Amino acid sequence: MKDLENKELLNQEEVTEVVEVEEAKALAAIDLNKEKARDKRAKIVGAILSYTFLTICAFFAFLPFYWMVISSLKPEYEYRRSVPTFFPHEFYFKNYAAVLSQTDTGSSGSFLQIIVNTLVVGLVSTSIGLVVIVITSYALARMEFKGKNLLFTLMLATMMIPGEMFTLTNYLTVSKWGWNDTFTVLILPFLVSIYYIYLLRNNFKQIPNSLYQAAKVDGLSDAGYLVKVMVPLTAPTLISVTLLKFIATWNSYIWPRLVNTQSWQLITNWVTRGFPDRGAKLYNGLYGTTMALTTLRMAAVCMVSLPLFILFIAFRKYIMHGVSKSGTKG
Amino acid sequence: MSDETLALQNKNNSQKPSSKKFWDFLKSQRGWLFVLPAVVLMAIFTFYPIINAFVGAFKENYQALHLEGEKGYTGWGFENFVRVLKGDTGTGGASFMQCLFNTFVFTFISVPLSTLLALLISVGLTRIKVLQKAYQTVFFLPYLTNALAMGAVFATFFTIVGTSRNVETYGLMNNFLSLFGIKPVDWIGSGSPAWHWGSLNVPWAKYIVAIIYEVWSGLPFKILILFSALQNVNKQYYDAAKIDSASKSTVLWKITAPLISPMLSYLLITGLMGGMKQYSAIVGIFGADMGIDYDMGTMVGYIYQYIEKGATGFAFAGSLLLFAVIMVFTGINLIVSKKTVHY
Amino acid sequence: MKKSILSVLLMVFLAALMVGCERQQATDYDKTIIFYSSQGDKLQGLTKLAIDAFEEKYPGWKVTHTPQGGYDDVRDKIVSDLQGGLQPDLAYCYADHVALYLQTGKVVDMAKLINSTQTVLDKDEKEVVIGYTAEEIADFVPGYYAEGKAQNFANYKDYGYDDDSMFMLPFVKSTELLYVNETALIKAGFKNADGSAKVATTWDELWSQGATLVKKYPTATVLGYDSEANWFITMCQQNGWGYTSTSADNHYLFNNEHTKAWLEELAGYYTKGYIVTQMDYGAYTSNLFTKGADDGGVIYCIGSSGGASYQATDLFQWGVYAIPGSRQEDGSINKSVISQGPNLVMLECGRCSSDEAKELKKQMTFLFLKELLNPVFQAQFSIDSGYNPSTQSTYQVDAYVEHLAGKTITARACVVAKTLTNDFFTSPAFVGSSGARTQVGNALNFAVTGQKTAAKALADAYANCGGK
Amino acid sequence: MKITIQDLTKTFPARHKGDKEVTAVNMMNIDIPSGKLVGLLGPSGCGKSTTLFMLSGLESPTSGHILFDEEDVTELAPEKRGIGLVFQNYALYPHMTVEQNIMFPLVNMRIPKPEAKERALDAARLVQIEELLNRKPSELSGGQQQRVAIARALVKMPNVLLLDEPLSNLDARLRLQTREEIKRIQRETGITTVFVTHDQEEAMSICDIMVVMKLGIVQQIGEPQAIYDDPENLFVANFLGTPPINIFKGQIKNGGVFIGDEEIMKTKHEDQEVYVGIRPEGFIYSPSGVLSLDVDHIEVMGRDKSVVSISKYSTKPTVRSIIDADVKLEDAPVLKFNLKKNKVFLFNAETEERIR
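Here it is, written out as structure tokens:
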């Protein structure tokens, strides 16, 4: 309807202003006032529409987080009200205590043990991984050696291949080597991230050659140049890579589950043990039932999500930078 | 250790000037030293597995878990592929066709949908000034989440708690829909409605849940990319369009979208490729068995299922098929995007 | 030159780090017995006692007990381990798991150990016989003991075993029991002459009570059944419909007219509100039982004897009974009930330094297994877990006798379960038997909730098993 | 269409805290008669582009009014003003063909396709690109793109055509050619046209009316020749003319204008410090001239020649005087010149305003 109206008015305007300018002057004056009012209205309506749309979308984007947090703070009977409450009537922190003291898995991974596992694996694999990535991308960007291009092409080609194709063989390999239940097995296969090498190599390449020549004149070795010039220059990318690599460890689920037993697994595995199919029935200390308690699950989920948000708030710029970079360069 | 090696090299150098050339050559190749760790690791964990997957897929009835001393497979050929495609693996569990179909449904609905929504949101973001950063942050949040954890949260939205005669709560979604007079649906429970086409299950209610999740989790990255792409569009085009009396929707569809079409097509390609590898979220929402009897199985889920069953040959064949599917889509996408992208 | 030094140093640093990571586990495989279970915390503590006793008795030997989550986790882990030769020496198992492990030929044939008259020395230099005596063997509940015999498994000969082979021994067992809300039954008018509740003993009786019960209790469901698969399998057993067989020609017998008719019947009951299952409810139906009939609970609940404690409530008068039976053509009632619960399987050591070491380890593992089957330990374990012991002599252990005399629901469950000894059955084990279980469970769920017709549900289940 | 600009002012808020806000256009008043080609001229940052964008409606003024004919369009949205705008770098939509680009405004006005096509063709003919209609902008040369941009602006028959630095992205030869073209198109269509340029030569060559601006303030409005011949102030005099005007520091003493000790002419104005502006063509070589200059070198241009000399009173490093090629100069270090009265302007040394 509105569109039609607009269309007519537009045509009318055409007519009045272009063809019959002289005659329509008086009329146009009135129309103009109307036009102006409508423009203003349109602007306000546009702004309201934009904000409304964004707010609705943001609401739905945020709802799961909100629901997760408030559910984790409700007692189970409140969660099970047929009409959901959007704010807990009673804050029930016992859920967290119950999850933290969850001992049903006992020696096979207390919360503390799992946190330590995750931190060790995360820190070690991130730091060693970073060194590998830096030296490899440096060689690919700045050094000449036979077969370099072939190597680089091969590396890029593997990016097309789904990781699942590696998983099975790697699983057999590490099983064969008896690496099950070690941290090595969680670290080693993921040290090389071709994608980050590619990213960093491009970053290195963008550094003008003149800088390298200048450094040479100033008597800097290759390694010195790498450490003293290139690394600082690409610091934002390196920080992003570090963060994303750490987050990846935090979120890894399949591989640790496949190769390690519970006490050697990582945080996501621990959390999922409390999830629907079998694990949830283990929580029974609190309510004396075998019910899969949603509130407990949500508390566990909150705890595993929280560090990610802290990381995000602290390093928002770098994380978004890293992510968007990975977008434009893919 | 390093000192010794060095000393040795020096000695060689001074004693045999004739080997200087060789030494020079080695020196010129020292780049290999830098890439060595990566090359070794990749040889073991990337290149070898690729070769092994291609080889293993053709070992018929290959089971890495098998009698010691025997080779673990009965011969060479395409039997693994045939049986995987026919769903005739003799071990029960997920069917490949079902997984393929599910994966396609999730991907082909959720990726365009979330790209479209991301475009609208990004455009909305560029149109506002106040609170722009705050909105941006909120929209980015889902990127950081753990698919399993958030899958569980989504599951709570849709779960009905109670018996058919005594429902305790219908869940948030059903409560919301009841405002519009829609009857509660058992979204993810055992009574979740489904259509059946031959051997294919179409659990549409579960599909909706999975797609809502995929759209939600796919938005942040797309918004981030599209928003920065939009900001890189020369403002003059918008001015020109204003002068040319283009309406807002004309600007969006005839100017903005084509101008950022490289980004849109990039997002579609990566989205489709990522969608083909969907797994964790499904486990998060529907449990480790991916619905009832793997009716929500995905291709990756299919592969893992056979890895865990020790049916190595099927797992390899499945992963090669997944690879082939991804390659086909990448190819199609490249061709299509070459035709429709404007730079 | 400096750069070469630097890069070499870097490499050494990296190598050292990697080696450092690798050197984390130094296990002497020859003298460490690895035991996988799915025990929770409480039971682990108990098992620790057995381990301590064993380690004290045989100095130099160690037992590493690694709980793996659920039964499926134990299976998945062992499958993974077998590929790298890292399998445990002893593990919790179900028969179908063993069928899977059998293919590797690494399942220890326990018959040789059971019959072994060899001895080893304990810390007091006392000779300990490895095997069991005939009486000791007879002490096992026969139905439990039979499950581990080779005949119960398909294709065992292909993997180098013979008819006398023994693949597993029962650890603790459970069965299915009928938990009844007697108060609700009495209120609804189902009472015997003496005023006690009239509990259904056959399925027909149960369904005939349905109409009255749902009318009396508008939100209650008549029967909660925890395991769809067990229901299906039990019905096949009670009526002789055929479920699976060890015969490789046709493992799957469950897609037949009888089962179809039965599923259709159940679907009718479901729509009347008579039935709720675990899959349907999303949790164990014991939660519904303890709610009571007036609050939307169930009146009858069929669940594991091992889970009896979860059925406990003070809200009403409860009772524990055998599950309903099926009336046969000759008028008798078949009350077959499934036997479940963990068995113990032994696997050959994958990393022992020599064959002798391997042989010795087998013997020691068996001795540890005997520790776990020791009546005193069994008694304590049964009391704490609610499972039934696998040996009859355990019923004479004082602590257990005292426990059975108790008024608790767990004690009642044990007593009732003991009376069912002759009705226990187990289903054949072969690769894919657990798949069949899953499939019939799903089929029941699909058919009952009306998502598929009974015929379609069964046909799909059959096809999904890979049946031809 | 007549354009009236009344007290137009535009201030931009400060970019950073602590900076002052910027007044890009300050109390501008212009009347542009219908059908004229008007050039807004000034150095960069003088507010000429801002003025143009305010005329287009893309920028809204802080205060003041813009009237098209008698109607106040100050707050009217750009698309409703009936204007055509050619952007500095054309802003052609890269994903559309030339034809689609030209038709785009018509499509938005919901003009039926056949008619739109025809009008697009007409516009293309007008700018002589009818054979390029199916190309993409990236396949066109700069000059061609410029024409497409003009065609797109003209196709909707605007009341006012606005051009933002229309020639700045073209090379020297094309620039000459295109400015003739713009003049021609403007004559043919008779559309009131406003364009922005920083090139005084360009402005002078095609404008009917020229508006010289500096720091947001209009310095002078008028026909190009009139402004050239009669600049209002030192800035305008200085800005117009190639080679630029020569400026000397001088005084008015006792009814005479002095540069240094030399009295170059008589005047009725009172005594004061002044700038004396002398156009290069205002010098007449004469051994008995009133102004003597130290010759540095002489550039021969063919038609005429330039005497480049040095004067300590000049505000610029050199003084340039253009004389006929026929005139024979003596080979001396110092030459003397008489001055053409109408090429000499006096400016107050403080206000830099013209002393008439």
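Protein chains in written order, with my numbering: chain A, 76 to 405; chain B, 2 to 344; chain C, 23 to 490; chain D, 209 to 564. Just so it is clear, CB atoms sit at the ideal spot from N, CA and C, and this is done for glycine as well. Model, not experiment: these values are computed from the prediction.
Requested in this report: Please confirm whether isoleucine 324 of chain C and valine 244 of chain C have their CB atoms less than 9 Å apart.
Outcome: As a first step, residue 324 of chain C is located in the third sequence; it is residue number 302 there, counting from the start. As a first step, residue 244 of chain C is located in the third sequence; it is residue number 222 there, counting from the start. The Cβ atoms of isoleucine 324 of chain C and valine 244 of chain C lie no closer than 9 Å to each other.
Report task. Return the Cβ separation of phenylalanine 545 of chain D and tyrosine 493 of chain D in integer angstroms, given the expectation that the two are a contact with Cβ distance under 8 Å. Result -> One-based indexing of the fourth sequence puts residue 545 of chain D at position 337. One-based indexing of the fourth sequence puts residue 493 of chain D at position 285. The distance from the Cβ of phenylalanine 545 of chain D to that of tyrosine 493 of chain D is about 6 Å, consistent with a contact at the 8 Å cut-off.
**Report entry** Euclidean distance between Cα positions of aspartate 379 of chain D and serine 252 of chain D
**Finding:** Here residue 379 of chain D corresponds to residue number 171 of the fourth sequence, with the count starting at 1. Here residue 252 of chain D corresponds to residue number 44 of the fourth sequence, with the count starting at 1. Cα to Cα, the separation comes out at about 19 Å.
**Report entry** Cβ pair serine 399 of chain A, glycine 125 of chain B closer than 9 Å
**Finding:** As a first step, residue 399 of chain A must be located in the first sequence, where it is residue number 324. As a first step, residue 125 of chain B must be located in the second sequence, where it is residue number 124. Glycine 125 of chain B is positioned such that its CB atom lies no closer than 9 Å to that of serine 399 of chain A.
Requested in this report: Could you tell me whether any Cβ in chain B is nearer than 9 Å to the Cβ of aspartate 317 of chain C?
Outcome: For the purposes of this step, residue 317 of chain C is taken as residue 295 along the third sequence, with counting starting at 1. For aspartate 317 of chain C, the answer is yes, since a Cβ of chain B falls inside 9 Å of its Cβ.
Query - Range covered by the alpha helix (DSSP H) that runs through asparagine 462 of chain D - result: Locating residue 462 of chain D in the fourth sequence gives position 254, where the first residue counts as 1. Note, asparagine 462 of chain D: premise wrong, no alpha helix (DSSP H); not H, not E.
Query raised in the report: Under 9 Å between C-beta atoms, does tryptophan 252 of chain A make it to chain C?
Result: Here residue 252 of chain A is taken as the residue at index 177 of the first sequence, counted from 1. Chain C contact via Cβ: present.
Query raised in the report: Using Cβ-Cβ distances below 7 Å, what residues of the segment 197-216 of chain B are close to chain C?
Result: Taking 7 Å as the Cβ-Cβ cut-off against chain C, the residues of the segment 197-216 of chain B that qualify are His197 and Ser200.
Query raised in the report: So, phenylalanine 403 of chain D versus isoleucine 390 of chain D, is the Cβ gap smaller than 9 Å?
Result: Counting from 1 along the fourth sequence, the entry for residue 403 of chain D is found at position 195. Counting from 1 along the fourth sequence, the entry for residue 390 of chain D is found at position 182. The Cβ atoms of phenylalanine 403 of chain D and isoleucine 390 of chain D sit closer than 9 Å to each other.
Query raised in the report: What residues from chain D crowd round lysine 134 of chain B, counting only those whose CB sits closer than 9 Å?
Result: Locating residue 134 of chain B in the second sequence gives position 133, counting from the first residue. For a Cβ distance threshold of 9 Å, nothing in chain D lies close to lysine 134 of chain B: the least Cβ distance comes to about 18 Å.
**Report entry** Residue-level contact to chain A via CB, lysine 249 of chain B, 9 Å cutoff
**Finding:** Here residue 249 of chain B refers to the residue found at position 248 when the second sequence is read from its first residue. By this cut-off, lysine 249 of chain B is an interface position.
**Report entry** Assigned exposure category for lysine 134 of chain B - 16 Cβ within 10 Å defines buried
**Finding:** Looking up residue 134 of chain B in the second sequence gives position 133. So lysine 134 of chain B counts as exposed.
Requested in this report: Helix, strand or coil for threonine 460 of chain C, going by three-state DSSP, please let me know.
Outcome: As a first step, residue 460 of chain C must be located in the third sequence, where it is residue number 438. Helix.
Query raised in the report: Where do the ends of the alpha helix (DSSP H) carrying lysine 184 of chain B lie?
Result: Working through the second sequence from its first residue, we reach residue 184 of chain B at position 183. Per DSSP, lysine 184 of chain B belongs to no alpha helix (DSSP H) and is neither H nor E.
Query raised in the report: Going by Cα to Cα distance, which pick from C:Thr126, C:Thr155 and C:Lys148 is closest to valine 137 of chain C?
Result: Residue 137 of chain C sits at position 115 when you count from the first residue of the third sequence. Before going further, note that residue 137 of chain C is asparagine rather than valine in the sequence given. Measuring from the Cα of asparagine 137 of chain C, the nearest candidate turns out to be C:Thr155.
Query raised in the report: Looking only at C-alpha atoms, which of B:Asn176, B:Pro204 and B:Gly314 sits nearest to glutamate 61 of chain B?
Result: Residue mapping note: residue 61 of chain B aligns to position 60 of the second sequence, counting from 1. Nearest C-alpha to glutamate 61 of chain B: B:Gly314.
Report task. Decide if proline 322 of chain D is buried, meaning its Cβ has at least 16 other Cβ atoms within 10 Å, or exposed. Result -> Locating residue 322 of chain D in the fourth sequence gives position 114, where the first residue counts as 1. Exposed: under 16 other Cβ atoms inside 10 Å.
**Report entry** Alpha-carbon to alpha-carbon, glutamate 286 of chain C and threonine 157 of chain B
**Finding:** Position 156 of the second sequence holds residue 157 of chain B. Position 264 of the third sequence holds residue 286 of chain C. About 32 Å.
Query raised in the report: Going by C-alpha distance, which of C:Asp98, C:Ser331, C:Ile152 and C:Ile405 is nearest glycine 341 of chain C?
Result: Here the question's residue 341 of chain C lines up with position 319 in the third sequence. Of C:Asp98, C:Ser331, C:Ile152 and C:Ile405, the residue nearest in Cα terms is C:Ser331.
Query raised in the report: Under 8 Å Cβ-Cβ, which residues of chain C neighbour glycine 57 of chain B?
Result: Counting from 1 along the second sequence, the entry for residue 57 of chain B is found at position 56. In chain order: nothing, as chain C lies at least about 13 Å away.
**Report entry** Beta-carbon proximity list for phenylalanine 276 of chain C, same chain, < 6 Å, skipping 5 on both sides
**Finding:** Reading the third sequence from its first residue, position 254 is the one you call residue 276 of chain C. Here the set comprises Tyr265 and Val462.
Requested in this report: Using beta-carbon positions only, say whether alanine 150 of chain B and glycine 285 of chain B come within less than 9 Å of one another.
Outcome: For this step, residue 150 of chain B is matched to residue 149 along the second sequence. For this step, residue 285 of chain B is matched to residue 284 along the second sequence. Going by C-beta atoms, alanine 150 of chain B is nearer than 9 Å to glycine 285 of chain B.
Query - Contacts around tyrosine 136 of chain B, its chain only, beta-carbon distance under 7 Å, and the 5 residues preceding and following it disregarded - result: Position 135 of the second sequence, counting from 1, holds the residue named residue 136 of chain B. Taking C-beta separations shorter than 7 Å and ignoring five residues to either side along the sequence, the partners of tyrosine 136 of chain B in its chain run Leu126, following chain order.
Query - Proximity winner among A:Thr130, A:Phe168, A:Phe384 and A:Pro264, relative to leucine 371 of chain A (alpha-carbon distances) - result: The residue you call residue 371 of chain A lines up with position 296 of the first sequence. Nearest option by C-alpha distance: A:Phe168.
Report task. Report the three-state DSSP secondary structure of lysine 84 of chain C (helix, strand or coil). Result -> Here the question's residue 84 of chain C lines up with position 62 in the third sequence. In the structure shown, lysine 84 of chain C sits in a strand (DSSP, three-state: E or B).
Query - is_contact[glutamate 283 of chain D, chain A] using C-beta, thresh 9 Å - result: Position 75 of the fourth sequence, counted from the first residue, corresponds to residue 283 of chain D. Yes, glutamate 283 of chain D counts as interfacial toward chain A.
Query raised in the report: Across which residues does DSSP place glutamate 78 of chain C in a beta bridge pair?
Result: Here residue 78 of chain C corresponds to residue number 56 of the third sequence, with the count starting at 1. DSSP lists no beta-bridge partner residue for glutamate 78 of chain C.
Query raised in the report: Exposed or buried, leucine 537 of chain D, counting other C-beta atoms within 10 Å across all chains shown (16 or more means buried)?
Result: The residue labelled residue 537 of chain D in the question sits at position 329 within the fourth sequence. Exposure of leucine 537 of chain D is indicated by the presence of fewer than 16 other C-beta atoms within 10 angstroms of its C-beta.
**Report entry** Below-9 Å beta-carbon distance, tryptophan 33 of chain B vs any chain A residue
**Finding:** By 1-based counting over the second sequence, the position of residue 33 of chain B is 32. Yes, because at least one Cβ of chain A sits closer than 9 Å to the Cβ of tryptophan 33 of chain B.
Requested in this report: Go ahead and pull the three-state DSSP assignment for leucine 554 of chain D.
Outcome: Indexing the fourth sequence from 1 puts residue 554 of chain D at position 346. DSSP places leucine 554 of chain D in strand when its eight states are reduced to three.
Query raised in the report: For phenylalanine 447 of chain D, which residues from the same chain have a beta carbon less than 7 Å from its beta carbon, with the 5 sequence-adjacent residues on both sides left out?
Result: Along the fourth sequence, one-based indexing puts residue 447 of chain D at 239. Spatial neighbours of phenylalanine 447 of chain D in its own chain (CB-CB distance under 7 Å, excluding positions within 5 residues in sequence) are listed in chain order as Gln408 and Val420.
Query raised in the report: With contact counted as at least three CB pairs below 8 Å, one residue from each stretch, are the segment 153-170 of chain B and the segment 288-306 of chain C in contact?
Result: Because the criterion of three Cβ pairs below 8 Å is met, the segment 153-170 of chain B and the segment 288-306 of chain C touch.
Query raised in the report: Under the three-state reduction of DSSP, which class applies to leucine 442 of chain C: helix, strand or coil?
Result: Here residue 442 of chain C is taken as the residue at index 420 of the third sequence, counted from 1. Coil, per DSSP.
Requested in this report: Could you tell me whether the segment 296-314 of chain B touches the segment 221-239 of chain B, where touching means 3 or more Cβ pairs closer than 8 Å?
Outcome: No, because fewer than three Cβ pairs between the segment 296-314 of chain B and the segment 221-239 of chain B fall closer than 8 Å, the two stretches do not touch.
Query raised in the report: Taking the runs of the beta strand (DSSP E) that are 3 residues or longer, which of them lie wholly in the segment 313-352 of chain A?
Result: When DSSP assignments are scanned along the segment 313-352 of chain A, no uninterrupted stretch of beta strand (DSSP E) that is 3 or more residues long falls wholly within it.
Requested in this report: Could you name the residues of the same chain whose beta carbon sits closer than 6 Å to that of methionine 236 of chain D, not counting the 5 residues immediately before and after it, in chain order?
Outcome: The residue given as residue 236 of chain D occupies position 28 in the fourth sequence. Excluding residues within five positions, the ones whose Cβ falls inside 6 Å are Ile213, Leu216 and Val426.
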